[in-house]
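Novice: Have a look at this one before I ask anything.
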Amino acid sequence: MRSLIIAITFTAVALAGPAATAKPLKIKFSHVVAVNTPKGQMAEKFKELVEQRMPGKVEVQVFPSSQLFGDNKVLEALLLGDVQMGAPSLSKFRKYTKKLQVFDLPFLFSDIDAVERFQKGPKGKELLMSMEKKGITGLGYLHNGMKQLSASKPLRVPADAKGLKFRIQSSDVLVAQFKAIKASPQKKPFSEVFTLLQTKAIDGQENTWSNIYSKKFFEVQDYITASNHGLIDYLVVTSTEFWQGLPDDIRAGLQQALDEAIAHGNAVALEKSNSDRQAIIDSRRSTVIDLTPEEKAQWVKAMKPVWKKFEKQIGKDVIDAADAANNTGS
Ligand code: LMR
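So for the sequence shown, the working numbering puts the first residue at 1078; every next one is plus one.
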């Protein structure tokens, strides 16, 4: 009797085939910001859509707030297969391509609509694949927003920033941008910014309204200048080897879910660039400074020469296409 039961059980398992016993594909998605940000919300939406549509086949684990890797390490981890997806800021790919530096050029994009036009255009699409030879595939851009300058003292004109230490992301364009205003740029991981500001090891930093709000930088910075001088957007990336190794239907399903998650994240970005700014103003912990057109012109004049310095590395064609995206043609 016992051997009959074993035989029946064995036959049932064998007939169910590999699908019944196959383990779900696991995707680890690592990022550095809080959950209540455009990137945090995009990653959560991606997980929700994938697990709803491919139950038992794919599992997504999201690790926010640098819990698993900081952005400077996540690309190495991706290439080693320790994570399968990430979405570093476009300022953090310097080791793998120089072309994405275009997104760091100061005062290049007049607003997020211009950024969107460039990213959707032929040059923008080409840049998604600019690291393919290095084993990194770009799956899509995600918005965060325009950068603002925060500091321990009011910054109205570039001369006010002279000699101050600013934390920057790991981008040489950003080094040049702060040197252009005679300040001292310090490349530091995002996870250290709050403590560096709180202990006054640095005087200021540049970031979007949602990052300044969600990581509480406004509580340790007395002034925020609404400079809109640059951009923080993201590239959702995977390893080319991992991506190409997936079955076609799974790859297509993941791309579809990601496109929808990005659309959701972009809507959150738009909403937060207003609501988080307002929340900071309402907190009265930090004074928000709006620039007059004359003051703004001084920042543009001081920082814009940086474009020329990086023209060779980025490519004039790429810079021109980005600049042209400011024109709606209407
Ligand atoms: C930063 O390091 O300031 C940003 O890249 C963080 C992020 O991912 O938004």
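For every residue, glycine included, the Cβ atom is placed at its ideal position computed from N, Cα and C.
Cβ atoms of Gly1217 and Ser1316: under 8 Å apart, would you say?
Specialist: If you number the sequence shown from 1, residue 1316 lands on position 239. If you number the sequence shown from 1, residue 1217 lands on position 140. No.
Novice: Quick one: grab the DSSP three-state call for Tyr1173.
Specialist: On the sequence shown, residue 1173 is found 96 positions in, with the first residue counted as 1. Tyr1173 falls in the coil class under three-state DSSP.
Novice: Using a threshold of 7 Å, is the CB atom of Val1109 nearer than that to any non-hydrogen atom of the ligand LMR?
Specialist: As a first step, residue 1109 must be located in the sequence shown, where it is residue number 32. Val1109: yes, Cβ under 7 Å from the ligand LMR.
Novice: I'd like to confirm something about Asn1060: is its beta-carbon nearer than 7 Å to some heavy atom of the ligand LMR, or not?
Specialist: With the chain represented from 1078 up to 1407, any question about residue 1060 goes unanswered, as that position is not in the structure.
Novice: Could you check the C-alpha separation between Phe1387 and Val1250 for me, to the nearest Å?
Specialist: Counting from 1 along the sequence shown, the entry for residue 1387 is found at position 310. Counting from 1 along the sequence shown, the entry for residue 1250 is found at position 173. Between Phe1387 and Val1250, the C-alpha separation is close to 7 Å.
Novice: Out of curiosity, what's the CA-to-CA distance linking Gly1322 and Ile1396?
Specialist: Against the sequence shown, residue 1322 aligns to sequence position 245. Against the sequence shown, residue 1396 aligns to sequence position 319. Going from the Cα of Gly1322 to the Cα of Ile1396 covers about 34 Å.
Novice: So for Ala1228, helix, strand or coil by DSSP?
Specialist: Walking along the sequence shown from the start, residue 1228 turns up at place 151. If DSSP states are grouped into helix, strand and coil, Ala1228 belongs with the strands.
Novice: Can you tell me whether Thr1405 is helix, strand or coil according to DSSP?
Specialist: Along the sequence shown, read from residue 1 onward, the residue named residue 1405 stands at position 328. Coil, per DSSP.
Novice: Where does Leu1241 fall in DSSP's three states?
Specialist: In the sequence shown, counting from the first residue as 1, residue 1241 sits at position 164. It is coil, neither helix nor strand.
Novice: Is Asp1148 near the ligand LMR - that is, is its Cβ less than 7 Å away from at least one heavy atom of it?
Specialist: Looking up residue 1148 in the sequence shown gives position 71. Correct: Asp1148 has its Cβ closer than 7 Å to the ligand LMR.
Novice: Can you tell me the Cα-Cα spacing of Ser1304 and Phe1146, whole angstroms?
Specialist: Against the sequence shown, residue 1304 aligns to sequence position 227. Against the sequence shown, residue 1146 aligns to sequence position 69. When rounded, the distance between both Cα atoms is 30 Å.
Novice: Judging by CA-CA distance, which residue of Ala1278, Met1119 and Tyr1290 is the nearest neighbour of His1220?
Specialist: As a working mapping, residue 1220 is identified with position 143 in the sequence shown. For the residues Ala1278, Met1119 and Tyr1290, the minimum Cα distance to His1220 belongs to Met1119.
Novice: Sorry if obvious, but does the Cβ on Phe1294 come closer than 7 Å to a heavy atom of the ligand LMR?
Specialist: As a position in the sequence shown, residue 1294 is number 217, starting the count at 1. Because no heavy atom of the ligand LMR lies under 7 Å away, the Cβ of Phe1294 does not count as near it: no.
Novice: Any heavy atom of the ligand LMR within a distance shorter than 7 Å of the CB on Lys1242?
Specialist: In the sequence shown, residue 1242 corresponds to position 165, counting from 1. No.
Novice: In three-state terms, what does DSSP make of Ser1287?
Specialist: Along the sequence shown, read from residue 1 onward, the residue named residue 1287 stands at position 210. Helix.
Novice: What does DSSP give as the partner residue(s) for Gln1282 in the beta ladder?
Specialist: Residue mapping note: residue 1282 aligns to position 205 of the sequence shown, counting from 1. Ser1227 and Arg1244.
Novice: Closer than 7 Å: is that where the CB of Ile1309 sits relative to any heavy atom of the ligand LMR?
Specialist: Walking along the sequence shown from the start, residue 1309 turns up at place 232. Answer for Ile1309: yes, Cβ within range of the ligand LMR.
Novice: In angstroms with no decimal places, state the Cα-to-Cα distance between Phe1106 and Asp1148.
Specialist: Counting from one through the sequence shown, the residue named residue 1106 turns up at place 29. Counting from one through the sequence shown, the residue named residue 1148 turns up at place 71. Taking the straight line joining both Cα atoms gives about 12 Å.
Novice: Under three-state DSSP, which class holds Phe1255?
Specialist: Your numbering for residue 1255 matches position 178 in the sequence shown. Helix, per DSSP.
Novice: Would you please state the rounded distance, in angstroms, between the beta carbons of Phe1243 and Pro1262? I believe it to be under 8 Å.
Specialist: Your numbering for residue 1243 matches position 166 in the sequence shown. Your numbering for residue 1262 matches position 185 in the sequence shown. At roughly 6 Å, the Cβ-Cβ gap stays under 8 Å, so Phe1243 and Pro1262 are in contact.
Novice: Check whether the Cβ atoms of Leu1241 and Gly1198 sit closer than 8 Å, and answer yes or no.
Specialist: The count along the sequence shown starts at 1 and reaches residue 1241 at position 164. The count along the sequence shown starts at 1 and reaches residue 1198 at position 121. Contact: no.
Novice: Within the present structure, is the beta-carbon of Lys1264 separated from the nearest heavy atom of the ligand LMR by less than 7 Å?
Specialist: Counting from one through the sequence shown, the residue named residue 1264 turns up at place 187. Lys1264 Cβ: outside cutoff for every heavy atom of the ligand LMR.
Novice: Within this structure, are the beta carbons of Lys1200 and Ala1398 separated by less than 8 Å?
Specialist: Looking up residue 1200 in the sequence shown gives position 123. Looking up residue 1398 in the sequence shown gives position 321. Yes; because the gap between Cβ atoms is below 8 Å, this pair is in contact.
Novice: Under the assumption that His1306 contacts Lys1224 (Cβ atoms under 8 Å), give the Cβ distance between them as a whole number of angstroms.
Specialist: As a first step, residue 1306 is located in the sequence shown; it is residue number 229 there, counting from the start. As a first step, residue 1224 is located in the sequence shown; it is residue number 147 there, counting from the start. About 6 Å separates the two Cβ atoms, so the contact holds.
Novice: Would the beta-carbon of Ser1248 be found less than 7 Å away from any heavy atom of the ligand LMR?
Specialist: By one-based count along the sequence shown, residue 1248 stands at place 171. No.
Novice: Reducing DSSP to helix, strand and coil, say where His1108 ends up.
Specialist: Numbered from its first residue, the sequence shown carries residue 1108 at position 31. Three-state result, His1108: coil.
Novice: Quick one: using the 10 Å Cβ neighbour count with 16 as the cut-off for buried, is Asn1404 buried or exposed?
Specialist: Residue mapping note: residue 1404 aligns to position 327 of the sequence shown, counting from 1. Classification of Asn1404: exposed, given that the 10 Å Cβ count is below 16.
Novice: Are there 16 or more other CB atoms within 10 angstroms of the CB of Glu1371, so buried, or fewer, so exposed?
Specialist: Start at 1 with the first residue of the sequence shown, and residue 1371 comes out as number 294. Per the 10 Å Cβ criterion, exposed.
Novice: Could you please give the first and the last residue of the uninterrupted alpha helix (DSSP H) stretch that includes Lys1340?
Specialist: Here residue 1340 corresponds to residue number 263 of the sequence shown, with the count starting at 1. Note that residue 1340 is Ala in the sequence shown, not Lys. Looking at the DSSP string, the run of the alpha helix (DSSP H) that includes Ala1340 is Asp1325 to Ser1360.
Novice: Within the present structure, is the beta-carbon of Asn1284 separated from the nearest heavy atom of the ligand LMR by less than 7 Å?
Specialist: Mapped onto the sequence shown, residue 1284 falls at position 207. The answer is yes for Asn1284.
Novice: Check whether the stretch 1326–1339 and the stretch 1129–1140 touch, using three or more Cβ-Cβ pairs below 8 Å as the test.
Specialist: Yes, since at least three Cβ pairs between the stretch 1326–1339 and the stretch 1129–1140 fall closer than 8 Å, the two stretches touch.
Novice: Should Ala1374 go down as buried or exposed, given a rule of 16 or more other Cβ atoms within 10 Å for buried?
Specialist: Within the sequence shown, the letter at position 297 stands for residue 1374. With fewer than 16 Cβ atoms within 10 Å of its Cβ, Ala1374 is classed as exposed.
Novice: Which same chain residues end up closer than 6 Å to Phe1319 when comparing Cβ atoms and leaving out the 5 residues on each side of it in sequence?
Specialist: Position 242 of the sequence shown, counted from the first residue, corresponds to residue 1319. Gln1161.
Novice: Tell me whether Gly1133 sits in a helix, a strand or coil according to DSSP, three-state version.
Specialist: In the sequence shown, the residue the question calls residue 1133 occupies position 56. Three-state DSSP puts Gly1133 in coil, outside helix and strand.
Novice: Could you work out which residue in Val1383, Ser1207 and Pro1231 is closest to Phe1184 when comparing CA atoms only?
Specialist: Mapped onto the sequence shown, residue 1184 falls at position 107. Nearest of Val1383, Ser1207 and Pro1231 to Phe1184, Cα basis: Val1383.
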